[in-house]
Amino acid sequence: AFVLLWKLSLEPYMDENFVSRAFATMGELVLSVKIIRNRLTGIPAGYCFVEFADLATAEKCLHKINGKPLPGAAPVSKSHQSVGEQN
1 AFVLLWKLSL EPYMDENFVS RAFATMGELV LSVKIIRNRL TGIPAGYCFV
51 EFADLATAEK CLHKINGKPL PGAAPVSKSH QSVGEQN
């Protein structure tokens, strides 16, 4: 087995099952997922460990997901705020 440290933008609703299913929709088998959480709040810290059967599968997943949201993730809306002084 090969374990990969995966840096993702994990939202609070994303649990281990969500991450496993996301990779399954890409056709890849995940052996296990361990999401690292804030000990006080339980909110995901933004990364997880994903265990794959081998290095080739891990690399294939890395290339498929690199820079993209996980399949099934809710779209993120970004707002920009500006603070300034009015004359």
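UniProt numbering applies: residue 1 is where the sequence shown begins, and numbers increase by one. For every residue, glycine included, the Cβ atom is placed at its ideal position computed from N, Cα and C. Quantities reported herein were computed from a predicted structural model and do not represent experimental measurements.
Exercise. Taking just the CA atoms, how far does GLY42 sit from MET14?
Worked result: 12 Å
For this session: With DSSP collapsed to three states, give me the class of LYS34.
Result: strand
Exercise. So, is ALA24 buried or exposed, given that buried needs 16 or more other C-beta atoms within 10 angstroms?
Worked result: exposed
Problem set entry | Pairwise C-alpha distance: LEU55 and LEU70 | 20 Å
For this session: Buried or exposed for GLN86, please, with buried defined as at least 16 other CB atoms from any protein chain shown within 10 angstroms of its CB.
Result: With a pLDDT of 41 at GLN86, under the threshold of 50, the modelled position of this residue cannot be trusted; read the value that follows with caution. Exposed: under 16 other Cβ atoms inside 10 Å.
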